[in-house]
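Only one structure is covered here, and it is reproduced in the block below.
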Amino acid sequence: LGLTDTAGAFAAGVLLANTSFRAQIQADVLPFKGILLGIFFMDAGSLFDSDLVLTELPTVLTGAASLILLKALTVAAATRVPRWMEPNRLEAHDAVKLAFLLSGGGEFAFVVLALAEKLEVLPKDLGGLLTAIVLITMAVTPLLGQVAAAASGAFESGAVNGEGDASGGKPSVEESQVAEDAVVICGYGEVGQEIVSQLGLANYVNGALSILPRVVAFDTDPALIDTILMPESNAAVMYGDGENPEVLRSHGVEDPTAIFVSYEDHERALAATFRLRTSFDRAPIYTRAQTREEAQELKCAGATEVVVERDELPRSSPYLLLGDQERKLNGDTEECAMPILNLLDDAERISQK
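In the numbering used here, each residue carries its 1-based index in the sequence shown increased by 64.
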């Protein structure tokens, strides 16, 4: 398309912002966020010409106020399109808040102004003046945030008192958000699918339904990038690296009831257990291992309990062979979920302590 690197990165960010890949991108970029922000503000600060601002102070202040007012009106108007054109348009209080928050200048203005000066479209003095105006509007963004919160609260209280809650009392939530105390499953392979299925069904039977999913599994299967699976009414499967704590937080998980690491590869399970234990020190972490030696390593990394498959297979096989027929005769269909439900009950007791 002939775009510059900066414009291409901006376009890619806009395209990916509304996909399920968003949380994974945020988690991957987070380690570099502080460094890049520091470089950006150092570069932007070096463009500020204080002598020019003092010389043209009335012009700068008028330009900053005009930019804030013009952008606020433009953003507010863009959110007021008719319902038949955009059924999911923002409510009035959210539109007011967004208008104030986005009324300041953006970092992309520096790219445009620098390119205009390079192409000699703008005189250097005018470019410096416009850069100073943008920097001043960015500097007052915290103040605009306070104004936005106050104005939004006033509009929201007025709408509730005047018209009532048009949404019927149901708060709006993003599709990618889950309950902050959800049960997290890392990996959606054969084991992960079975755990999600049983926990989702168990929560439904017990009536523990909520607006947000209470059971969530994360997997890096590319098929999940553009979709969110709902294998049960109270469970969701999303794209993301489950061993990265920031991916969990990006989806709203702050205090998980329990975490089950279902990765078959021991090294990956060990790394996931260590990283998750560091970030969620109160949450019980369950995982799987092939041998007792691997189980001991996982416990040293922070696992609460480890299912040793070589021990469980001979232990469970007689029960399955001798007890399966008896369960069928008695019509007991819920007992198959008891091992996982016991783990969840243990997790709740630990979290309460």
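We treat Cβ as the ideally placed atom computed from N, Cα and C, and that holds for glycine.
Note that this is a predicted model, so its numbers are computed, not measured.
Check	Outcome
Cβ neighbour criterion (16 or more within 10 Å) applied to residue 282	buried
Cα-Cα separation, residue 164 to residue 250	39 Å
Rounded C-alpha distance that separates residue 349 from residue 212	41 Å
Buried/exposed call for residue 102, threshold 16 Cβ in 10 Å	exposed
Every unbroken alpha helix (DSSP H) inside the segment 268-351 [4 residues or more]	309-314 and 330-343
Residue 78 - containing alpha helix (DSSP H), residue span	69-80
Where residue 248 falls: helix, strand or coil (DSSP)	strand
For residue 175, three-class secondary structure by DSSP	helix
Contact between the segment 149-163 and the segment 89-105 (3+ Cβ pairs under 8 Å)	no
C-beta contact flag for residue 247 and residue 322 at 8 Å	yes
Residue 160, enclosing beta strand (DSSP E) - first and last residue	Per DSSP, residue 160 belongs to no beta strand (DSSP E); it is in the alpha helix (DSSP H), 156-165.
According to DSSP, residues forming a beta bridge with residue 369	350
For residue 107, three-class secondary structure by DSSP	helix
Separation of residue 262 from residue 90, as counted between CA atoms	31 Å
Inter-residue Cα distance where the pair is residue 200 and residue 218	27 Å
N- and C-terminal bounds of the alpha helix (DSSP H) containing residue 149	Looking at the DSSP string, residue 149 is not in any alpha helix (DSSP H), and its letter there is neither H nor E.
Residue 170: first and last residue of the uninterrupted alpha helix (DSSP H) it sits in	Looking at the DSSP string, residue 170 is not in any alpha helix (DSSP H), and its letter there is neither H nor E.
Pick from 362, 318, 356 and 312 that is closest to residue 327, judged by C-alpha positions	362
Cβ contact (3+ pairs, closer than 8 Å) linking the segment 97-116 and the segment 328-343	no
Spatial distance of residue 209 from residue 117 (CA atoms)	25 Å
Residue 253 - DSSP class collapsed to helix/strand/coil	coil
Cβ-based neighbour list, residue 73, same chain, cut-off 8 Å, excluding 5 preceding and 5 following	none
Where residue 184 falls: helix, strand or coil (DSSP)	coil
Residue from 370, 127 and 365 whose Cα sits closest to the Cα of residue 335	365
Through-space distance from residue 314 to residue 156, alpha-carbon basis	26 Å
For residue 93, the three-state DSSP class (helix, strand or coil)	helix
Status (buried if at least 16 other CB within 10 Å, exposed otherwise) for residue 286	exposed
Residue 354 and residue 369 closer than 8 Å at C-beta	no
Boundaries of the alpha helix (DSSP H) in which residue 437 is found, first to last residue	Given that the chain is displayed from residue 65 to residue 417, the structure contains no residue 437 and the question cannot be resolved.
For residue 139, the first and last residue of its enclosing alpha helix (DSSP H)	121-142
Residue 87 and residue 256 closer than 8 Å at C-beta	no
Burial state of residue 316 (16 or more Cβ within 10 Å)	buried
C-alpha distance - residue 173 paired with residue 195, whole-angstrom precision	8 Å
Inter-residue spacing [alpha-carbon to alpha-carbon] between residue 367 and residue 351	7 Å
Neighbourhood of residue 245 by C-beta, 7 Å cutoff - its chain only, sequence neighbours within 5 removed	319, 320 and 321
Option nearest residue 359 by Cα separation, candidates 344, 329 and 346	329
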